[in-house]
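Novice: Just add 1 to wherever you are in the sequence shown, counting from 1, and you've got our numbering.
Pasting a structure below so you can have a look.
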Amino acid sequence: QVQLVESGGGLVQPGGPLSLSCTASGSIFSIYAMGWYRQAPGKQRDFVAAVTNGGNTNYADSGKGRFTIPRDSAKNTVYLQMNSLKPEDTAVYYCMCNAHGGATYWGQGTQVTVSS
């Protein structure tokens, strides 16, 4: 089992930055990728960004050039650094990880609201 705890959500003005963090605990040795999804009200949960243990990253088109997903392996933590935020980035952001054996784990979610 892996537990994921997110932090860093909140209210930010359009054009501003915000950083989220997600720390994994438990069977962390089984994790081979971590990432972020988001879900706006009334919409499906969408992929945002991911990073593998090897450092390979992948981004949804919506975040390319604005979002980065650095990680601190020593702290078992992945971040989502968001810049130039838009109102359409408003959503609940979920941390997730893929573990060997096919398991996927999710955090509890953190609200990001982009509004003036």
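The beta carbon of each residue, even a glycine, is placed where N, CA and C say it ideally should be.
1) Which whole-angstrom value is the C-beta distance of residue 64 and residue 49, which I expect to be below 8 angstroms?
2) Out of 109, 80, 76, point me to the one whose CA is closest to residue 30's CA.
3) State the Cα-Cα distance for the pair residue 11 and residue 55, rounded to the nearest angstrom.
4) Could you tell me the distance, in whole angstroms, from the CA atom of residue 67 to the CA atom of residue 109?
5) Just mark residue 25 as buried or exposed, buried being the case when its beta carbon has 16 or more other beta carbons within 10 Å.
6) Helix, strand or coil for residue 90, going by three-state DSSP, please let me know.
7) With a threshold of 7 angstroms on Cβ separation, who are the neighbours of residue 27 within its own chain once the five nearest residues in sequence on each side are excluded?
8) Could you check if residue 7 is buried or exposed, using at least 16 other CB atoms within 10 Å of its CB as the buried criterion?
9) Going by the CB atoms, is the gap between residue 80 and residue 22 shorter than 8 angstroms?
10) Considering only DSSP beta bridges, list what residue 26 is partnered with.
11) Applying the criterion that 16 or more other CB atoms from any shown protein chain within 10 Å of the CB defines a buried residue, is residue 62 buried or exposed?
Specialist: According to the structure data:
1) Counted from its first residue, the sequence shown places residue 64 at position 63. Counted from its first residue, the sequence shown places residue 49 at position 48. Contact holds; Cβ gap of about 6 angstroms.
2) Here residue 30 corresponds to residue number 29 of the sequence shown, with the count starting at 1. Ranking the options by Cα distance to residue 30, first place goes to 76.
3) Position 10 of the sequence shown holds residue 11. Position 54 of the sequence shown holds residue 55. About 30 angstroms.
4) Locating residue 67 in the sequence shown gives position 66, where the first residue counts as 1. Locating residue 109 in the sequence shown gives position 108, where the first residue counts as 1. Using only the alpha carbons, I get a separation of about 24 angstroms.
5) Reading the sequence shown from its first residue, position 24 is the one you call residue 25. Residue 25 is buried by the Cβ-count criterion.
6) The residue you call residue 90 lines up with position 89 of the sequence shown. Annotated three-state conformation of residue 90 is helix, per DSSP.
7) Against the sequence shown, residue 27 aligns to sequence position 26. Taken in chain order, the residues that qualify are 2, 3, 4.
8) Residue mapping note: residue 7 aligns to position 6 of the sequence shown, counting from 1. Buried, since its Cβ has 16 or more Cβ neighbours within 10 Å.
9) Locating residue 22 in the sequence shown gives position 21, where the first residue counts as 1. Locating residue 80 in the sequence shown gives position 79, where the first residue counts as 1. In contact: residue 22 and residue 80 (Cβ atoms closer than 8 angstroms).
10) Locating residue 26 in the sequence shown gives position 25, where the first residue counts as 1. DSSP, once it has assigned bridges, lists 4 as partnering residue 26.
11) For the purposes of this step, residue 62 is taken as residue 61 along the sequence shown, with counting starting at 1. Residue 62 should be labelled exposed.
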